[in-house]
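Colleague: Take a look at the following structure, please.
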Amino acid sequence: MKREKKTFLEELQQAKAGRYAVGAFNIFNYLSASAVVQAAAELDVPVILQTSVVTVKEFGPAKLGAMLRLIAEEASVNVLIHLDHCQDIELAKACVDAGWDSVMYDGSRLSLEENIAGCREVVKYAHSRGVDVEGEFGRIVGVEDAVKVSAEDASLAGLEDSIYFVRESGIDAYAPAIGTAHGVYIGTPTINFNLVAELKTAVEAPVVIHGGTGLSEETFRRLIRNGGAKVNVSTAIKHAYLDTCKAYFTEFPDKLDPVGFDRYLTRAIRATAREHMEIFTKDRI
Ligand code: 13P
């Protein structure tokens, strides 16, 4: 049976209303993308294949877009293609043209007004082509491929600025810096759960939770119950990929079976993605 094709915004609105979150996994090649989609199909949930700028530049938007669209078209669930943390307006537009369903313009390093201006330009271009836009305010600490934010440069979002930012920028989904971090957590993060809850009613745009790797199940579920509608997971997928490669070559140093190796790797990534999606949909109503 063919799944219903909803837009990025429609999926996130439905998740917000239904108290679950759509998992957005940073994938970097065919194998990682298809493993994530297999996990979503097993659970019969929508999923977002998220591409970092580094991956887009490696393939080129046209080739990567074509490959991901093929995976999406063949899937039994709704698969959306999203561009993550793009600071380059021209590249965001190129992804819009190449078939992405949504793009994130990351102007968080800029002043509030400059960030809004950048978002507006991307929103104008994307919306006229049926593509949705995510924006960030505050600065999320940590490393997301080429985007590196130190603890000194990080800043949290507040309620009033958030309301202003979402309204003036025209974005469809909002990623506030709430105390989560990109990469591996060293200690327990201090997260502003209240801001997420306040934003649920204060702004229409569904809230996106960045820095999913390493958060506890309780933290995920609390954030999602409070209104988090999209949760980003990147580092966990990279670890599943590379740690499994290392384990395979230790266990089977002499095996000459690339197809078997791909299956082994696919299983590991599928399991990691699935574990997350199960948590993201646990309190669904
Ligand atoms: P992690 O790498 O911590 O999972 O964060 C992913 C993310 O937020 C991508 O935007």
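Numbering (the working numbering) for the sequence shown: 67 to 351. Glycine included, C-beta positions come from ideal geometry on N, C-alpha and C.
Can you list the residues near ligand 1, meaning Cβ strictly closer than 6 Å to any non-hydrogen atom, in the order they appear in the chain?
Modeller: For ligand 1, the selected residues are 92, 150, 151, 210, 248, 249, 276, 277, 278, 279, 298, 299, 300, 301, 302.
Colleague: Check each candidate in 206, 195, 139, 311 and name the one with the smallest Cα separation from residue 175.
Modeller: 206
Colleague: Would residue 81 be called buried (16 or more neighbouring beta carbons within 10 Å of its own) or exposed?
Modeller: buried
Colleague: Is the beta carbon of residue 269 less than 9 Å from the beta carbon of residue 228?
Modeller: yes
Colleague: From the DSSP secondary-structure annotation, give me the bridge partner or partners of residue 205.
Modeller: Paired residue(s): 221.
Colleague: Give the list of continuous beta strand (DSSP E) stretches no shorter than 3 residues that lie fully inside the region 86 to 148.
Modeller: Runs of beta strand (DSSP E) with 3 or more residues, each lying fully within the region 86 to 148, are found at 88 to 92, 113 to 117, listed in chain order.
Colleague: With contact counted as at least three CB pairs below 8 Å, one residue from each stretch, are the region 279 to 295 and the region 91 to 100 in contact?
Modeller: no
Colleague: For a test of the three-state rule: what should DSSP assign to residue 230, helix, strand or coil?
Modeller: helix
Colleague: How big is the Cα-Cα spacing for residue 329 and residue 310?
Modeller: 11 Å
Colleague: Taking 8 Å as the limit between beta carbons, can you name the residues of its chain near residue 221, skipping five residues before and five after?
Modeller: Closer than 8 Å at the Cβ level, and outside the excluded window around residue 221, lie 204, 205, 243.
Colleague: List the whole-angstrom C-beta distance separating residue 84 from residue 342, where the pair is believed to meet the contact cut-off of C-beta under 8 Å.
Modeller: That belief does not hold up - the Cβ atoms of residue 84 and residue 342 are roughly 17 Å apart, past 8 Å.
Colleague: Just how far apart, CA to CA, sit residue 108 and residue 136?
Modeller: Distance between the alpha carbons of residue 108 and residue 136 is about 19 Å.
Colleague: Under 6 Å Cβ to Cβ from residue 75, same chain only, skipping five residues before and after it: list those, please.
Modeller: 198, 238
Colleague: Where do the ends of the alpha helix (DSSP H) carrying residue 357 lie?
Modeller: Given that the chain is displayed from residue 67 to residue 351, the structure contains no residue 357 and the question cannot be resolved.
Colleague: For residue 235 and residue 226, what's the separation of their Cα atoms in angstroms?
Modeller: 14 Å
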